[in-house]
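Reviewing the structure listed below.
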Amino acid sequence: MFAHNKRLQYTVRVAECNPALANLMLEQFGGPQGELAAAMRYFTQALAEDDPGRKDMLLDIATEELSHLEVIGTIVGMLNKGAKGKLAEGAEEQAQAFRELQGAGNDSHVTQVLYGGGPALTNSGGQLWTAGYIDSIGEPTADLRSNIAAEARAKIIYERLINLTADPGVRDALGFLMTREISHQQSFEKALYAIQPNFPPGKLPGKPEFANVYVNTSQGEGDMRGPWNSDENFQFLSDREKFLAMDGGSGMPEVSLDKQQQATLMQMAKRTRSDPSSNPETGADLGSGTGPQGTRH
7 MFAHNKRLQY TVRVAECNPA LANLMLEQFG GPQGELAAAM RYFTQALAED DPGRKDMLLD
67 IATEELSHLE VIGTIVGMLN KGAKGKLAEG AEEQAQAFRE LQGAGNDSHV TQVLYGGGPA
127 LTNSGGQLWT AGYIDSIGEP TADLRSNIAA EARAKIIYER LINLTADPGV RDALGFLMTR
187 EISHQQSFEK ALYAIQPNFP PGKLPGKPEF ANVYVNTSQG EGDMRGPWNS DENFQFLSDR
247 EKFLAMDGGS GMPEVSLDKQ QQATLMQMAK RTRSDPSSNP ETGADLGSGT GPQGTRH
C-alpha cells in the first residue's frame with residue numbers, strides 16, 4: 007500500500023515564473039526518461055521479482071521515483087503560477103498575453119492552454135506518456151542493465167535542464183534529482199554483479215564459434231581497432247566471404263515442403279510470373295506524353 011506524506015523529498019524554491027521552462031520540465035514528468043516511466047518500470051519489475059533482496063530494492067526505488075515525480079510536477083506548477091492566473095482571469099490583452107507565454111521551448115503552450123498551468127503526463131513536445139516507454143523483459147540481468155542505462159539517460163536530461171535555467175532554487179532541486187539517479191545506478195549495478203554469472207543474460211549459452219567474433223561489416227575510411235574488436239578479445243573478420251554463410255552452408259534460404267504445398271506454390275508462381283520480354287505502356291508513360299519506346303504520341 008502507499009501512504010502520502012505532504013512534505014516533498016526535497017524543498018522546491020522557484021524565484022520567478024517561467025512558462026517556457028515549465029514546458030521543458032515536462033520531459034522529466036511524462037517523457038521517456040522521466041520519473042513516471044522510471045516508477046512504473048521498477049514497480050512492475052518488483053511485482054514479478056522472486057529474489058527478496060532485488061524485490062525490496064525495486065520497490066524502494068520505484069516509490070522514490072514517485073516522490074521525484076511529485077517534485078518535478080510541483081516545479082512545473084510553480085513555474086506556471088503567473089501564467090495560470092493571467093490565462094484564467096484574462097488579466098491582459100490577448101496579444102500581450104500570447105507574447106509573454108511564447109518563447110523558446112514553449113511554442114506548444116502545452117501546460118498553459120491545454121492543462122491550465124498544471125503538470126501533464128506528456129513530454130516537453132506534448133507527446134502523451136505511454137507504457138511503451140517501459141522495456142522490461144522479466145530477466146533480471148537484462149532488466150538491471152536496462153535500468154542502469156535508464157538512470158544514466160535521466161541524469162543527462164537533468165544536466166541539460168540545469169543548463170537551461172539560472173533560477174538557483176530550480177537548479178538546486180534538479181541537482182538533487184540528478185544526484186539520486188547516480189545513487190540508483192550504483193544500486194542497480196551492485197545488484198547486477200551480485201548475480202553470478204550475469205553474462206550473457208538468460209540461461210542459454212551462445213554458440214562458442216560465434217560468441218567472440220567481431221564482423222567488420224562497415225569498411226573503408228574510419229575503420230578503427232580497439233578493445234571492442236581487438237585480436238586479444240575477438241576473432242576479427244574483415245574478409246566478406248568469411249562472414250557470409252558463417253555456418254558453413256550455402257547461405258541460401260531453404261524450406262521443406264510436402265508435395266501438396268510444393269504444387270500449390272508452383273501454381274502460384276506460374277500464375278504471377280512476369281514476362282521479361284514485355285514492355286507495357288504505363289500511366290507514367292501516358293502522363294509524360296511518351297510511349298514505352300520513348301516516342302512522343
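Each residue of the sequence shown is one higher than the last, beginning at 7 in the working numbering.
Just so you know, even glycine gets a beta-carbon here, dropped at the ideal spot from N, CA and C.
What you are looking at is a predicted structure, and each value in this text was computed from that prediction instead of being measured.
For residue i and residue j, which I take to be in contact (beta-carbon distance under 8 Å), what is that distance rounded to the nearest angstrom?
i, j, result
"His74", "Glu41", "4 Å"
"Val77", "Tyr16", "6 Å"
"Asn218", "Ser244", "Not quite, the Cβ-Cβ distance comes to about 16 Å (not below 8 Å), so this is no contact."
"Pro125", "Phe35", "5 Å"
"Glu165", "Met184", "6 Å"
"Leu27", "Leu170", "7 Å"
"Arg60", "Ala197", "6 Å"
"Glu145", "Gly208", "6 Å"
Excluding the five sequence neighbours on either side, which residues of its own chain have a C-beta within less than 7 Å of the C-beta of residue i, listed in chain order?
i, result
"Val20", "Ile81, Met84, Leu85, Asp173, Gly175 and Val176"
"Pro206", "Gly212"
"Asp141", "Ser152"
"Ala52", "Lys61, Leu64, Leu65 and Ala68"
In angstroms with no decimal places, state the Cα-to-Cα distance between residue i and residue j.
i, j, result
"Glu215", "Asn204", "20 Å"
"Asn269", "Leu210", "It should be noted that the sequence gives Ala, not Asn, for residue 269. Going by the C-alpha atoms only, they are around 39 Å apart."
"Leu180", "Trp234", "35 Å"
"Pro6", "Leu64", "Outside the displayed range of the chain (7 to 303) lies residue 6, so it cannot be described from this structure."
"Lys87", "Gly123", "7 Å"
"Asn285", "Leu292", "14 Å"
"Asn24", "Gly79", "14 Å"
"Ala200", "Ser262", "46 Å"
"Gly111", "Thr50", "Unreliable positioning characterises Gly111 in this predicted model, as indicated by a pLDDT of 45, which lies under 50. The coordinate reading is nonetheless provided below. Straight-line Cα distance between these residues: approximately 32 Å."
"Asp253", "Asp237", "21 Å"
"Val18", "Arg246", "59 Å"
Excluding the 5 residues preceding and the 5 following residue i in the sequence, name in chain order all residues of the same chain whose CB lies nearer than 8 Å to its CB.
i, result
"Arg195", "Inspection of the sequence shows that residue 195 is occupied by Glu rather than by Arg. Cβ within range, chain order: Leu150 and Ile154."
"Glu187", "Glu157, Ala158, Ala160, Lys161 and Tyr164"
For residue i, collect the residues of the same chain with a Cβ closer than 6 Å to its Cβ; drop the 5 residues on either side in sequence, then sort them by chain order.
i, result
"Ile67", "Tyr48 and His190"
"Gly37", "Asn129"
"Ile168", "Arg177 and Leu180"
"Glu71", "Glu41, Ala44 and Ala45"
"Tyr2", "Here the chain comprises residues numbered 7 to 303, so residue 2 is not present and cannot be evaluated."
"Phe104", "In this predicted model, Phe104 has a pLDDT of only 47, less than 50, meaning its place in the structure is not dependable; the value taken from the coordinates is given anyway. Taken in chain order, the list of residues that qualify is empty."
"Ala251", "Gly257"
"Ala148", "Pro207"
"Gly255", "none"
Considering only DSSP beta bridges, list what residue i is partnered with.
i, result
"Met48", "Here residue 48 is Tyr; the residue named in the question, Met, does not match the sequence. None, per the DSSP bridge assignment."
"Leu134", "Thr128"
Inset, instruction - Please specify which runs of the beta strand (DSSP E), each continuous and at least 3 residues long, are wholly inside the segment 198-245, giving them in chain order. - result: 219-221 and 241-243
Inset, instruction - Pick out the complete alpha helix (DSSP H) segments inside the segment 27-89, 4 residues or longer, and give them in chain order. - result: 33-36, 41-54 and 58-85
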